[in-house]
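Residue numbering for the sequence shown follows this note's numbering, beginning at 20 and increasing consecutively. Have a look at the structure below before the remarks.
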Amino acid sequence: FVIGQIRFRFVAETAEAPAPAPDTTPADERVMPAEEVYAVSDRMRLKDLLELPEILRGKERNDFYTHIAGMLRLAAGASWAAVVNRDRQILGRDTARDDAGIKLSHSLMNKALAEQPKPIFHSWRRQGKLQATMAEGVDWAVCAAVEMSGGEPIFFYVAGNGGSAEADAPANLDNTRYVGLVADIIGRSLSVQKLEEWETRLQRFFSGAVVEKILRSRDMKELEPRITECTVMFFDIRGFSKLSERNNETLLEYQGELKQVISSMTEEIFEEEGVVLQYTGDGIMACWNAPMAHADHVDRACRAALNMARRMAETLHKPLEGESGVWRCGIGIHTGEVVAGAIGSEQVFSYGIIGAVVNQASRVEGITKQLDAPVLITREVAAKLSAGAGIAQRLGRFQPAGMKTPVDLYELLPPPRSDKEREALQWRQEILDSGLAAFEKGGFEAAYRLFHQLPVEDAPAQRLLFLAAEYRKKPPRDWQGIVELAQK
20 FVIGQIRFRF
30 VAETAEAPAP
40 APDTTPADER
50 VMPAEEVYAV
60 SDRMRLKDLL
70 ELPEILRGKE
80 RNDFYTHIAG
90 MLRLAAGASW
100 AAVVNRDRQI
110 LGRDTARDDA
120 GIKLSHSLMN
130 KALAEQPKPI
140 FHSWRRQGKL
150 QATMAEGVDW
160 AVCAAVEMSG
170 GEPIFFYVAG
180 NGGSAEADAP
190 ANLDNTRYVG
200 LVADIIGRSL
210 SVQKLEEWET
220 RLQRFFSGAV
230 VEKILRSRDM
240 KELEPRITEC
250 TVMFFDIRGF
260 SKLSERNNET
270 LLEYQGELKQ
280 VISSMTEEIF
290 EEEGVVLQYT
300 GDGIMACWNA
310 PMAHADHVDR
320 ACRAALNMAR
330 RMAETLHKPL
340 EGESGVWRCG
350 IGIHTGEVVA
360 GAIGSEQVFS
370 YGIIGAVVNQ
380 ASRVEGITKQ
390 LDAPVLITRE
400 VAAKLSAGAG
410 IAQRLGRFQP
420 AGMKTPVDLY
430 ELLPPPRSDK
440 EREALQWRQE
450 ILDSGLAAFE
460 KGGFEAAYRL
470 FHQLPVEDAP
480 AQRLLFLAAE
490 YRKKPPRDWQ
500 GIVELAQK
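Written as structure tokens, this is what we have:
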């Protein structure tokens, strides 16, 4: 089209390979060894090379490839230069003349791909005569290939005419060396950039220390599925699920505060070098001792849980329906053997854990709602808990809905900070132990009197008091000391 006296023309950015000809063999060829590639002595060229990683970070990818093509053409005094993908689509180009056509040699690109990352020099001039296989005005070319993430190669292709036809001529050696060095630096820079992207992704799930260990590990078998002992945590915000029953606009109103809460909970998990396996709206699934081993994984999980519950209790938020401004949480913890590792399909996978221990931890978190306890742990966790990490007080034996095996549950409480707190915890433990002993033997009246001694602010104790009151009126048939729960 024409505007005023200026004519505009659209040009397709797809390089056409030359039509097949009887003779496409170059008159001279040189594959430059890797040790020669880095023998660049020109200071200006070295300066350009050192700036490449920073330019890569500051430019859009297509703009960067165009910049590289221009740098290569000018440095080599070439007719044109291009950055091309495997399908011979031009990603970036620079030409000495606007009407210069770009035609690529199939054989040169295939040779560069086979020899990568070594650069290849081809000359098609024999005794001052240009072979018919190349475009007019081009009698030599240099190509280097580098493999990107996913195995897709990118080609750096420079072509020109004139000068010596010998591959070992100083100017040709310099050009070959320079193209190879640019390709190698860009390939390494893109690999580092990809590694940084992976590091950013990993930091969403792992603490900084764990991410560093994974990235520095020479043995990636650590991420392959294997049977290992693991402590599993499930976290959930009380009352938030009710919002999902309302309209989406209501949910959006709480997204800012939900993000703050989930972020603060993640901080506590990372502080104890736990692994966030999954975010489930208003919940978190985390684990310890996989993929990185921690001998004290039970203590780490329990410390994280207590700190999470404390932060929830100390922070005011926009009130949820039927709740105060202090959001409450439920945390369930179980420990045992799981299958841990990279789990998923061939196309998409993530680090995860599966097994009965995972299911049990999820059910324990669900029971926190029915017992109105912020943090519940299983007998297996309580048995391995150090006194300095927390106090476990037994609340009874329960049969979770959908599970065949009953589970002994304990409330996890912070370690006492004073003699007064220690005495209060000991007194509570004595009342609970005596009350549960009577309760589990069917002595519901005695259990009721004992549980009644505990303060009304003690929500789990009030739940046990309620059960004792119900059972003394109508004792369960075939009572085995196990409370059967109807809800998950």
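For each residue, glycine too, the CB sits at the ideal point set by N, CA and C.
- Nearest Cα to M327 within the set R468, E287 and L395: E287.
- Around the Cβ of Q499, a 10 Å sphere holds fewer than 16 other Cβ atoms; the residue is exposed.
- Burial state of A305 is buried, judged by a 10 Å Cβ sphere holding 16 or more other Cβ atoms.
- For W99, the beta-bridge partners assigned by DSSP are T114 and A178.
- CA-to-CA, the gap between P434 and P393 works out to about 15 Å.
- Rounded to the nearest whole angstrom, the CA to CA distance from G199 to P244 is 40 Å.
- Its chain contains F458, F463, A466, Y467 and F470 as the residues whose beta carbon lies nearer than 7 Å to that of A487, once the 5 sequence neighbours on both sides are disregarded; these appear in chain order.
- Across the set R322, L395 and T299, the C-alpha of L395 shows the shortest separation from the C-alpha of D427.
- Using a C-beta cut-off of 8 Å, the segment 191-206 makes contact with the segment 130-143, since at least three inter-stretch Cβ pairs fall below that distance.
- The Cβ-Cβ distance between C162 and A133 does not fall below 7 Å.
- In the three-state reduction of the DSSP assignment, N378 falls in the helix class, which pools H, G and I.
- Between the C-alpha atoms of R107 and Q297 there is a straight-line separation of about 41 Å.
- Between the segment 475-494 and the segment 412-431 there are three or more inter-stretch CB-CB distances shorter than 8 Å, so the stretches are counted as touching.
- Look at I373 here: in three-state DSSP terms it is strand.
- Approximately 15 Å separates the beta-carbon atoms of A456 and Y429; this is outside 8 Å, ruling out the contact.
- The straight-line gap separating the alpha-carbon atoms of V102 and G179 is approximately 15 Å.
- The beta carbon of K439 sits closer than 7 Å to no other beta carbon from its chain once the five residues preceding and following it are set aside.
- Per DSSP, the unbroken beta strand (DSSP E) holding W307 starts and ends at G302 to W307.
- Judged by DSSP secondary structure, Y490 falls within the alpha helix (DSSP H) whose first and last residues are A478 to K492.
- The Cβ-Cβ distance between A359 and I372 falls below 7 Å.
- As the crow flies, the alpha-carbon of N129 is around 12 Å from that of N104.
- The straight-line gap separating the alpha-carbon atoms of K213 and G206 is approximately 11 Å.
- Contact between V177 and A97 holds, since their C-beta atoms are separated by about 5 Å, short of 8 Å.
- Straight through space, the alpha carbons of G89 and A95 are spaced by roughly 10 Å.
- In this structure E292 is not in contact with R322, their Cβ atoms being roughly 11 Å apart against a cut-off of 8 Å.
- In chain order, T250, W307 and N308 place their CB closer than 7 Å to the CB of H316, counting only its own chain and leaving out the 5 sequence neighbours on each side.
- Residue environment analysis places S124 among the buried positions, since at least 16 neighbouring C-beta atoms fall within 10 angstroms of its C-beta.
- If you draw a 10 Å sphere on the C-beta of G454, you find 16 or more other C-beta atoms in it, and that means buried.
- In the DSSP annotation of this structure, the continuous segment of the beta strand (DSSP E) that includes M252 starts and ends at R245 to I256.
- Closest in alpha carbon position to I501, among R112, M422 and L432, is M422.
- Boundaries around S208 are those of the alpha helix (DSSP H), P189 to L221, since no beta strand (DSSP E) includes it.
- Taking 7 Å as the cut-off, the Cβ atoms of H353 and T397 count as close.
- Our two residues, Y84 and A401, have alpha carbons roughly 59 Å apart in a direct line.
- With contacts defined by Cβ atoms closer than 7 Å, Q135 and A160 do not form a contacting pair.
- The beta carbons of V376 and V357 sit closer together than 7 Å.
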